[in-house]
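>
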Amino acid sequence: MADQGIHGEDDLVFRRVCALLDPLNHKGVRLTRDIDLVADLEIDSVSVLDVVMDVEDAYDISIPVNTISETKTLGELVDAIHAIKKSQG
Amino acid sequence: MSLFEKFEKTAALYNGLSEMGKNPFAVVMEEVLGPTRALIKGRETVLAGTHNYLGQTFEPKAIAAAKRALDEEGTGTTGSRFANGTFAGHKSLERALADFLGMKYCVVFSTGFVANLGAIAGLLDPAEDVVLIDADCHACIYDGCQLSGAETIRFRHNDPESLDKRLGRLDPKYKGKLVCIEGMYSMYGDIAPVKEFVEVAHRHGAYLLVDEAHSFGVYGEKGRGVAEAEGVMDKIDFYSGTFSKALAAIGGFVASNHPQAEYLRFSSRPYKFTASPSPATIASAHAALDNIAATPALRAKLWDNANRLHAALTQYGLRLAAPPAPVISVLLPTKEEAFAAWNFLIDQGVYVNMAIPPGTPGKESLLRLAVSSAHTNDDIDRLVAAYGAMAEAFPSARVAYAS
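Okay, here's the thing in structure tokens:
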């Protein structure tokens, strides 16, 4: 069982990030919290940064590049967004 | 062996390119024949993938100055600017660059990459400052941010509103705010709305650094760059540039009207801990600067060539990334097609740059043509003919295909 963190896969932020990742998911990988964004989805690090920019505009928050480089999995990214939403919202 | 495992995928791609044809990332200029010609794989080739915008690589005055410096000052400084590597030539070039730009202060670094690295990391405090960068900024700006350790926020490319939003929602805890953009972006040859960025940055109390590496000598009435063309030279906080393009040497600089820019000389590790440019390099850069300042015809010729090439490539229906500029990029949907098209051009005796994601701004690959004032009519004719043949052979490079 994958780590569900404090937010599960029915979480709204998780679903929104999945929707943004969908056009890049050429291999049709099932999007779960524990997939590695770069290795499993085979997308480059710049594409991850671009998805994050969409997330920033969707939630009106700023996510530092430093934070993104510390996240590896989709779940970690979603948790980072939640943390920033809480501090900036 | 785990040290090397991470490279295997890239190595396979790199080696695969060599097996498929000539590798654009392993080109050797076997013999340099002039500012726009070299022998590649034994063949005389027109160089249109260099950044010799003002054709200064063989400028006689620059060569004579470099030879004189070699004879009089030796081959190298054997030390950093901070220690024994500052000669009279480094100081006089700093003065000449500041005068050329109409700015008060200038600090010379060992390369353009190191100038941005050194300025950004030297200016920012990781504990209390923040840096906001255009998403399409060069690797050296990203690396400068990373080296600084300061929080780094990207905004959408050439979008002052996107910067405005991000500056507007910043935590008031940050003391210093730095915004980094470029004048002309080298992948597409598109230019920044510098004037709007100045307004947004200053309204939020942020400093603005403009990297004019590709636009120095090329844009503006006096060749000071896009900031001059936009009428905001006096409003730029930090101006960075390189000697390796319009000045045809190697080295970099940061200019400013803030007297505190001089603090970089002790706050910037990439300034303090690397050897300074050799005397010959400084001498040729200085002579080239004097020459381009005194010869506006060079800039006019560059733009004539750029406009002519852009018009011809547009005529062929090729999908171009930006309006006429000294960089003219053709977009291709995949890296395989870009690779094949690059090979097609090299076989026609034309060298351009190939760039593939993630090194490109979008998801597409591109062939980047860099124009020079030294391109002769014969060079331009060859380039036009080669691109015409490529447009025939590669329908995916044309506008009609994409739409």
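These protein sequence lines map, in sequence, to chains A and B.
So the first sequence is numbered by this note's numbering: it starts at 1 and just counts up by one.
So the second sequence is numbered by this note's numbering: it starts at 1001 and just counts up by one.
Note that CB positions come from ideal geometry on N, CA and C, so glycine has one too.
1) Taking Asp60/A as the query, report the chain D residues whose CB atoms sit under 9 angstroms from its CB, ordered along the chain.
2) Considering only residues of the stretch 1186-1271 of chain B, which uninterrupted alpha helix (DSSP H) runs meet the minimum length of 4 residues and lie entirely inside it, listed in chain order?
3) Taking the alpha-carbon of Glu1072/B as reference, which of Leu1366/B, Ala1280/B, Ala1355/B has the nearest alpha-carbon?
4) With distance defined between alpha-carbon atoms, name the residue in Gly28/A, Val65/A, Asp57/A nearest to Asp1404/B.
5) Can you check whether the C-beta of Asp49/A is within less than 9 angstroms of a C-beta belonging to chain B?
6) Determine, for Ile35/A, whether the minimum Cβ-Cβ distance to residues of chain B falls below 9 angstroms.
7) Quick check on the DSSP output: the beta strand (DSSP E) that includes Ala1038/B runs from which residue to which?
8) Looking at the unbroken beta strand (DSSP E) that takes in Val25/A, where does it start and where does it end?
9) What's the call for Ala2/A, buried or exposed, on a 16-neighbour Cβ count within 10 Å?
10) Suppose contacts are defined by Cβ-Cβ distances below 9 angstroms. Is Gly1112/B in contact with Gly1252/B by that definition?
11) Between Cys1180/B and Val1131/B, which are expected to be in contact by the criterion C-beta below 8 angstroms, what is the C-beta distance as a whole number of angstroms?
12) What residue from Thr1295/B, Ser1373/B, Met1354/B has the CA that sits closest to Asp1304/B's CA?
13) For Pro945/B and Pro1035/B, what's the separation of their Cα atoms in angstroms?
14) Taking contact to mean 3 or more Cβ pairs, one atom from each stretch, closer than 8 angstroms, check whether the stretch 1158-1173 of chain B and the stretch 57-67 of chain A are in contact.
15) Mind reading off the beta-carbon distance from Ile989/B to Gly1189/B? Whole number of angstroms is fine, and I expect it under 8 angstroms.
16) With a threshold of 6 angstroms on Cβ separation, who are the neighbours of Asn1307/B within its own chain once the five nearest residues in sequence on each side are excluded?
17) Evaluate Gly1042/B with the Cβ neighbour count: other Cβ atoms within 10 Å of its Cβ, from every protein chain shown; 16 or more gives buried, anything less gives exposed.
18) Which residues bound the beta strand (DSSP E) around Asp1159/B?
19) With a threshold of 8 angstroms, are at least 3 pairs of Cβ atoms found where one atom belongs to the stretch 1186-1205 of chain B and the other to the stretch 1230-1247 of chain B?
20) Answer yes or no: do Arg1368/B and Met1187/B have a C-beta to C-beta separation smaller than 9 angstroms?
21) In the DSSP output, which residue or residues are listed as bridge partners for Asp34/A?
22) Determine the closest residue to Tyr1316/B out of Thr1242/B, Val1371/B, Phe1394/B, Leu1003/B, with distance taken between C-alpha atoms.
23) Name the DSSP beta bridge partners of Ser47/A, please?
24) Taking three-plus beta-carbon pairs below 8 angstroms as touching, is the stretch 1276-1291 of chain B in contact with the stretch 1063-1081 of chain B?
25) Just to confirm, are Cys1140/B and Val65/A a CB contact at a threshold of 9 angstroms?
26) If you drop the 5 nearest sequence neighbours on each side, which residues of the same chain put their C-beta closer than 8 angstroms to that of Gly1176/B?
27) Taking the alpha helix (DSSP H) that Met1390/B belongs to, which residues open and close that run?
28) Taking the straight line between their C-alpha atoms, what separation do you get for Phe1344/B and Ala1026/B?
29) Give the straight-line distance between the Cα atoms of Leu21/A and Lys27/A, rounded to the nearest whole angstrom.
30) Ignore the nearest five residues each way along the sequence and tell me which others in Asn1158/B's own chain have a CB closer than 6 angstroms to its CB.
31) Is the Cβ of Glu70/A closer than 9 angstroms to any Cβ of chain B?
Looking at the coordinates:
1) Note that chain D does not occur in the displayed structure, where the protein chains are A and B.
2) Fully enclosed alpha helix (DSSP H) runs of 4 or longer: 1194-1203, 1226-1229, 1264-1267.
3) On the second sequence, position 72 is the one that residue 1072/B refers to. Distance from the Cα of Glu1072/B is smallest, within the candidate group Leu1366/B, Ala1280/B, Ala1355/B, for Ala1280/B.
4) The requested residue 1404/B does not occur in the structure, where chain B is confined to residues 1001 to 1403.
5) Reading the first sequence from its first residue, position 49 is the one you call residue 49/A. The sequence given here has Leu at residue 49/A, not Asp. Yes, Leu49/A lies at the interface with chain B (some Cβ there is under 9 angstroms from its Cβ).
6) On the first sequence, residue 35/A is found 35 positions in, with the first residue counted as 1. Closer than 9 angstroms: no.
7) Along the second sequence, read from residue 1 onward, the residue named residue 1038/B stands at position 38. Counting along the chain, the beta strand (DSSP E) containing Ala1038/B begins and ends at 1037-1040.
8) In the first sequence, residue 25/A corresponds to position 25, counting from 1. The sequence shown places Asn at residue 25/A, not Val. Unbroken run through Asn25/A: none, as it is neither H nor E.
9) Walking along the first sequence from the start, residue 2/A turns up at place 2. Low confidence applies here, because Ala2/A scores a pLDDT of 46, under 50, leaving its location unreliable and the question unanswered by this model.
10) Mapped onto the second sequence, residue 1112/B falls at position 112. Mapped onto the second sequence, residue 1252/B falls at position 252. Yes; because the gap between Cβ atoms is below 9 angstroms, this pair is in contact.
11) Taking the first residue of the second sequence as position 1, residue 1180/B is located at position 180. Taking the first residue of the second sequence as position 1, residue 1131/B is located at position 131. Here Cys1180/B really is in contact with Val1131/B; their C-beta atoms are around 7 angstroms apart, less than 8 angstroms.
12) Looking up residue 1304/B in the second sequence gives position 304. Comparing C-alpha distances from Asp1304/B to each of Thr1295/B, Ser1373/B, Met1354/B shows the shortest one belongs to Ser1373/B.
13) Within the shown structure, residues of chain B are numbered from 1001 to 1403, placing residue 945/B beyond reach of any answer.
14) Cβ pair count under 8 angstroms is three or more, so yes.
15) The requested residue 989/B is not part of the displayed model; chain B covers only 1001 to 1403.
16) Counting from one through the second sequence, the residue named residue 1307/B turns up at place 307. Contacts found: Pro1324.
17) Counting from 1 along the second sequence, the entry for residue 1042/B is found at position 42. Around the beta carbon of Gly1042/B, a 10 Å sphere encloses fewer than 16 other beta carbons of the protein chains shown; the residue is thus reported as exposed.
18) Sequence index remark: in the second sequence, residue 1159/B carries index 159 (1-based). Unbroken run through Asp1159/B: none, as it is neither H nor E.
19) At 8 angstroms Cβ cutoff, the stretches touch.
20) Residue numbering aside, residue 1368/B sits at position 368 when the second sequence is read from its first letter. Residue numbering aside, residue 1187/B sits at position 187 when the second sequence is read from its first letter. Taking a C-beta distance under 9 angstroms as the contact criterion, Arg1368/B and Met1187/B qualify as a contact pair.
21) Numbered from 1 along the first sequence, position 34 holds the residue referred to as residue 34/A. Partner residues in a beta bridge of Asp34/A, as assigned by DSSP, do not exist.
22) To locate residue 1316/B, count along the second sequence from 1; it is residue 316. Here the closest residue by C-alpha is Phe1394/B.
23) The count along the first sequence starts at 1 and reaches residue 47/A at position 47. None, per the DSSP bridge assignment.
24) Judged by Cβ distances under 8 angstroms, the stretch 1276-1291 of chain B makes contact with the stretch 1063-1081 of chain B, as three or more pairs qualify.
25) Here residue 1140/B is taken as the residue at index 140 of the second sequence, counted from 1. Here residue 65/A is taken as the residue at index 65 of the first sequence, counted from 1. With contacts defined as CB atoms closer than 9 angstroms, Cys1140/B and Val65/A fail to qualify as a contacting pair.
26) In the second sequence, counting from the first residue as 1, residue 1176/B sits at position 176. So the list reads Leu1123, Leu1124, Asp1125, Glu1128, Asp1129, Val1130, Tyr1207, once near-sequence residues are dropped.
27) Within the second sequence, the letter at position 390 stands for residue 1390/B. Looking at the DSSP string, the run of the alpha helix (DSSP H) that includes Met1390/B is 1377-1393.
28) Here residue 1344/B refers to the residue found at position 344 of the second sequence. Here residue 1026/B refers to the residue found at position 26 of the second sequence. For Phe1344/B and Ala1026/B, the distance between alpha carbons rounds to 16 angstroms.
29) Along the first sequence, read from residue 1 onward, the residue named residue 21/A stands at position 21. Along the first sequence, read from residue 1 onward, the residue named residue 27/A stands at position 27. If you draw a straight line from the Cα of Leu21/A to the Cα of Lys27/A, it is about 12 angstroms long.
30) Within the second sequence, numbered from 1, the residue matching residue 1158/B stands at position 158. Beyond the five residues adjoining it in sequence on each side, Asn1158/B comes within less than 6 angstroms, by CB distance, of Ala1192 in the same chain, given in chain order.
31) Walking along the first sequence from the start, residue 70/A turns up at place 70. Answer no: the Cβ-Cβ gap between Glu70/A and chain B never drops below 9 angstroms.
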